[in-house]
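Visitor: Counting from 806, one number per residue, gives the positions in the sequence shown under my numbering. Where a beta carbon is used, it is the ideal one built from N, C-alpha and C, also for glycine. Input: one structure, supplied below.
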Amino acid sequence: MVTWLVVGGLDNGLLVREEADLKSRELGRLAHGALLLEEELVAERLRFQKLRGHGPKRGYCSVRIKGKELLSRCARVPAPETPLPSAAMEPLAVLHGMARWFPFRRVANFRDVADSHPGGGRIRCAGGVLRQRRLFRAGHLAAATAQDLELLKSLNVRSYVDLRDGLDFEGADAPVYDHFPPRPRDTTSKLQEGQRRRIWCPFSKDLKLRSWTAAEKSGLVPEWDRSAWVSWWYQRVTRMTMERKVDLNIPATLCALNRAILFINSDEVLKAMRALSEEQNYPVLFGCVAGKDRTGLLACLVLSVLEVDKDIIMADYLKTNLAAEHINACAQVGTALWWRQLEQEDPKRWQMMQRNGQVQRLKYDASWPGLTGDGLK
């Protein structure tokens, strides 16, 4: 693989044409400093794919004109910069919140999106006001009690948009999937028209640490391929964080995650948005594990599309902090229930996790009955 750096065109850029013929259609100009991958070189005319910089993605340009060098062959591909997100970390007013907006015992952070106005009023949006009891958001449902399932049914929720990645604890089986099929590991069932259903949109798929791709190893990821470029960037940020080369606070880490979701998994984001745009799916519930990060991102997108005031969008996002401890409790119960399944289904892995210290004593285990009483906000 041969790469070239644009060293000419400092003032006006380097002219690119559709064909090698100097009279073929002009496609635009390459900016000084652009990095190109050679596809073919014939008589001082380079057919290229652009890797970095501004200008056409592909085309033909001249290596030199009248002895003046326009392109310089690279001895090695320069490493890209790894810009790091930055966000202020403000102290949380609530660290152990057990707030509930519906009387769910072991489903945390369940709330009506239309009830997110900080002053308690109706939320104005494009076309009027948000309707109540139509769009809900929540944490995971895997720890739901029998009473929780009855409450869920009483709300007439037709569709559950599941934003979790479906791995390990996030893919554990639970009674709730009798109400919202298919189950996380069921990839064959076909649902009937009008049936209650779970719509799987894994926002965080393929975001875990992985091996470098061939293109990443050689530095040949094209910047215009936003999904591949951001995936490479996110892997670099992940490694730098794990190796303690950088210290990102929680908001900055969340910024990196959201950017990765939006660019790498745009197909899943689009699938979720489409599900929320189809009237036959309503009333709709969407959520992840905590009903906080992935759920918060989708809520921000939906409310932004509806032209809701930014202060209200932020208030809806921060409302999660009031339920922080309930979220933690339900996550622990869900983990305990998954461990119980794993011990039965995959004893070898269960024993290995025990040996590796991955199974620990939980404050809230599967015997925890959940929150009782009123205590609603």
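Are the region 846-863 and the region 911-921 in contact at 8 Å, needing three or more beta carbon pairs?
Guide: Short answer: they don't touch.
Visitor: In whole angstroms, what is the alpha-carbon distance linking L851 and E874?
Guide: Approximately 13 Å, taken between the alpha carbons.
Visitor: Tell me the residue span of the beta strand (DSSP E) that contains D967.
Guide: Taken as a continuous stretch (DSSP letters only), the beta strand (DSSP E) holding D967 covers 964-967.
Visitor: Here's the rule: buried if 16 or more other CB atoms are within 10 angstroms of the residue's CB, otherwise exposed. What is P1037?
Guide: It should be pointed out that residue 1037 corresponds to Trp in this sequence rather than to Pro. Label assigned to W1037: buried.
Visitor: If contacts are defined as beta-carbon pairs under 8 Å, then L856 and M806 qualify, I think. What distance do you get, rounded to the angstrom?
Guide: The pair is not a contact, with the Cβ atoms about 10 Å apart (cut-off 8 Å).
Visitor: Between the alpha carbons of P1027 and L876, how many angstroms are there, rounded?
Guide: The straight-line gap from Cα to Cα measures roughly 18 Å.
Visitor: For the candidate residues L1123, A1128, I1117, whose alpha-carbon lies nearest to that of V934?
Guide: Closest by alpha carbon: I1117.
Visitor: Grouping DSSP H, G and I as helix and E and B as strand, with all else coil, what is F878?
Guide: Rather than Phe, the amino acid found at residue 878 in this sequence is Arg. Residue state, collapsed to three classes: strand.
Visitor: Check the C-beta distance from V1089 over to F1008 and give it rounded, since I have them as a contact under 8 Å.
Guide: Wrong, their Cβ atoms sit about 16 Å apart, outside the cutoff.
Visitor: Short check: CB of C879 to CB of T808, under 7 Å?
Guide: Yes; because the gap between Cβ atoms is below 7 Å, this pair is in contact.
Visitor: Nearest by alpha-carbon distance to T1043: which of R1031, D1098, K1115, A1061 is it?
Guide: Considering only alpha carbons, the answer is A1061.
Visitor: Taking V1035 as the reference, give the member of Q1156, E1021, G1139, A1080 with the closest Cα.
Guide: The residue with the shortest Cα to Cα distance from V1035 is E1021.
Visitor: For a test of the three-state rule: what should DSSP assign to Q1156, helix, strand or coil?
Guide: Helix, per DSSP.
Visitor: Quick one: is H1131 buried, meaning 16 or more other Cβ sit within 10 Å of its Cβ, or exposed?
Guide: Burial call: buried.
Visitor: DSSP three-state call for L918: helix, strand or coil?
Guide: A small fix is needed here, since residue 918 is Val in this sequence, not Leu. Here V918 sits in helix by DSSP.
Visitor: In three-state DSSP terms, what is Q1165?
Guide: Coil at Q1165, not helix or strand.
Visitor: Give every residue of the same chain whose Cβ lies closer than 8 Å to the Cβ of S1032, excluding the five residues on either side of it in the sequence, and list them in chain order.
Guide: Taken in chain order, the residues that qualify are F1068, I1069, S1071.
Visitor: Going by DSSP, name the residue or residues bridged to G1092.
Guide: Looking at the DSSP assignment, G1092 forms a beta bridge with A943, D967.
Visitor: Do you know offhand how far D1052's Cα is from E886's?
Guide: In a straight line, the C-alpha of D1052 is about 17 Å away from that of E886.
Visitor: To the nearest angstrom, how far is the alpha carbon of D920 from that of E1148?
Guide: Roughly 41 Å between the two C-alpha positions.
Visitor: If you reduce the DSSP assignment to three classes, tell me which class T993 lands in.
Guide: Correct three-state label for T993: coil.
Visitor: Closest by CA to E975, which one among L954, G944, H984, L956?
Guide: Residue G944 is the option with its Cα nearest to E975.
Visitor: Going straight from the alpha carbon of E1083 to that of A892, what length do you get?
Guide: Their backbone Cα atoms lie some 35 Å apart in a straight line.
Visitor: Per the DSSP calculation, K855 is bridged to which residue(s)?
Guide: Paired residues: L841.
Visitor: Quick check: the region 1164-1171 against the region 1131-1141, are there 3 or more CB pairs under 8 Å?
Guide: As far as the Cβ criterion goes, the region 1164-1171 touches the region 1131-1141, which means the pair count is three or higher.
Visitor: What is the DSSP secondary structure of V1110, reduced to helix, strand or coil?
Guide: The answer is helix: DSSP assigns V1110 an H, G or I state.
Visitor: Would DSSP call E831 helix, strand or coil?
Guide: It is a strand residue.
Visitor: Just to confirm my understanding: we take G813, look at its own chain, exclude 5 residues before and 5 after, and list those with CB closer than 6 Å. What are they?
Guide: So the qualifying residues of the chain are L819, L875.
Visitor: In its own chain, which residues sit with a C-beta less than 6 Å from the C-beta of C1093, not counting the 5 before and 5 after it?
Guide: Excluding positions up to five away in sequence, the list reads L968, R969, R1099, T1100.
Visitor: Could you give the DSSP three-state label for R863: helix, strand or coil?
Guide: DSSP places R863 in strand when its eight states are reduced to three.
Visitor: Does DSSP put T1100 in a helix, in a strand, or in coil?
Guide: The answer is helix: DSSP assigns T1100 an H, G or I state.
Visitor: DSSP on T1046, reduced to helix/strand/coil?
Guide: T1046 falls in the helix class under three-state DSSP.
Visitor: Looking only at its own chain, which residues have a Cβ that is under 8 Å from the Cβ of Q952, when we skip the five neighbours before and after it?
Guide: Result list for Q952: R910, in chain order.
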